[in-house]
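Below is one structure, written out as C-alpha cells; the observations come after it.
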Amino acid sequence: MIFYRKLLPIQAMTFDIDDTFYDNWPYIQKAEQALTDYIAEKYPSLGNITWADRLAARGKVLAIHPEFSYDMGKLRFATLELLFSDLGFNSTKANQTAKDCFAYFYFKRSDFTIDPKYHRILSVLASKVPLLAITNGNVNMQQIGLAQYFKGIYHASVDYRAKPHPDMFIAAQKDVRVPMQNILHTGDCPVNDVWGAYKMGMQTAWYADDRPMVLNQEKFRTLPSVQLKDLDELTDLI
4 MIFYRKLLPI QAMTFDIDDT FYDNWPYIQK AEQALTDYIA EKYPSLGNIT WADRLAARGK
64 VLAIHPEFSY DMGKLRFATL ELLFSDLGFN STKANQTAKD CFAYFYFKRS DFTIDPKYHR
124 ILSVLASKVP LLAITNGNVN MQQIGLAQYF KGIYHASVDY RAKPHPDMFI AAQKDVRVPM
184 QNILHTGDCP VNDVWGAYKM GMQTAWYADD RPMVLNQEKF RTLPSVQLKD LDELTDLI
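When we follow my numbering, the leftmost residue of the sequence shown carries the number 4, and every step to the right adds one.
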C-alpha cells in the first residue's frame, strides 16, 4: 500500500466493478462470439452478420440517440433492433428478435464467477461501512454474486452519465448521506475512477485486477489517495 495523501475517516465506500474485480474484456469477447453463434443458429435467414454490420447499425443508433452512449444496454438493444430491421424483419419481428438476442447476450456477458477472496473482503467491509457500486458497464450484479454487499448499485445510463461525469458519484453520496470527503472510491481507471472521484471531493484508492499496476504506465491526471497492492488492504483503512 502506497499513500499519496493523508486519509480522512472513511464513513462509506464506493467501488468500480469492471476491471476492478475481474478482467472484463475476455468476458465481453466471449459473450460477443456467443451472440454471433446464437444468431447464426437460431435466425439463419438473417445471413452472415459481420462485425462491420453491427458497427454500422450502432453508428446509426448513436446518431439518433447520442444519450445511449452512456447506456450500454439501451445501445445494444437498439442496435440489434435496427440491424434486424435493416436485414428485412418487420418492426414487430425485429423488436422480438432483439429482445431475445439481448437477453441471451446479457446472460452470457455476466456468466462468470468472482474470485472468492473478493467475496470475503466485501463481506468484511460491508459489516463496517455502507458500500455502493458505481459502474460504467451493465454487468448483472445479482448473477455474478456481488449485489448482496452493496447498499446501492449505479450503472451508467440515460439517467446517470458515465464516469468521470459526476452523476453517479452524486447519487451515491445522496444515498449514504455522508460528506464526500469521507467516502473512499476504489477503481482501476485513472481517469474515470481516480480523477472522477477526486473532482467530487472524494478520497480515492487505485486498484486493478486486470493488469499490472505500474503508475508511470497509466494516464493519471491526479494521484490517488492510496495505491493498493491487494484489495484486502482496504480492511486496514477502516
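Heads up, the beta-carbon is just placed ideally off N, CA and C, and yes, glycines get one too.
Note that the structure is a prediction, hence the values are computed from the model and not measured.
The beta strand (DSSP E) with residue i in it runs from where to where?
i: G155; result: 155–158
i: I137; result: 134–138
Kindly indicate which residue of the options has the alpha-carbon position closest to the one of residue i.
i: Q99; options: A43, S113, I117, F80; result: F80
i: A165; options: Y73, I13, N27, I67; result: Y73
i: A101; options: K232, G62, I124, G76; result: G76
i: I246; options: E236, V229, D239; result: Outside the displayed span of the chain (4 to 241) sits residue 246, for which this structure offers no information.
i: D56; options: S94, D26, L240, L90; result: L90
i: K120; options: T225, D212, L10, R224; result: D212
i: A174; options: Q184, D162, N185; result: D162
i: Q36; options: H158, D239, C104, D22; result: C104
i: C192; options: N139, N51, L240, T116; result: N139
i: T207; options: T189, L85, L11; result: T189
In the DSSP assignment, the alpha helix (DSSP H) including residue i goes from what residue to what residue?
i: W28; result: 27–45
i: L83; result: 75–89
i: A174; result: 170–179
i: F24; result: Neither: F24 is in no alpha helix (DSSP H) and is coded neither H nor E.
Could you compute how far the alpha carbon of residue i sits from the alpha carbon of residue j?
i: L149; j: H122; result: 7 Å
i: F108; j: R214; result: 25 Å
i: G199; j: Y7; result: 17 Å
i: V127; j: V179; result: 18 Å
i: F172; j: L125; result: 19 Å
i: K63; j: T53; result: 16 Å
i: A18; j: D196; result: This sequence places Phe at residue 18; Ala is not what is there. Straight-line Cα distance between these residues: approximately 9 Å.
What does residue i pair with, by DSSP beta-bridge criteria?
i: A15; result: I186
i: D213; result: Partner(s): none; D213 has no beta bridge.
i: A208; result: T189, V229
For my contact list, residue i and residue j are in at a C-beta cut-off of 8 Å; report their separation, rounded to the angstrom.
i: L187; j: Y210; result: About 11 Å separates the two Cβ atoms, so there is no contact after all.
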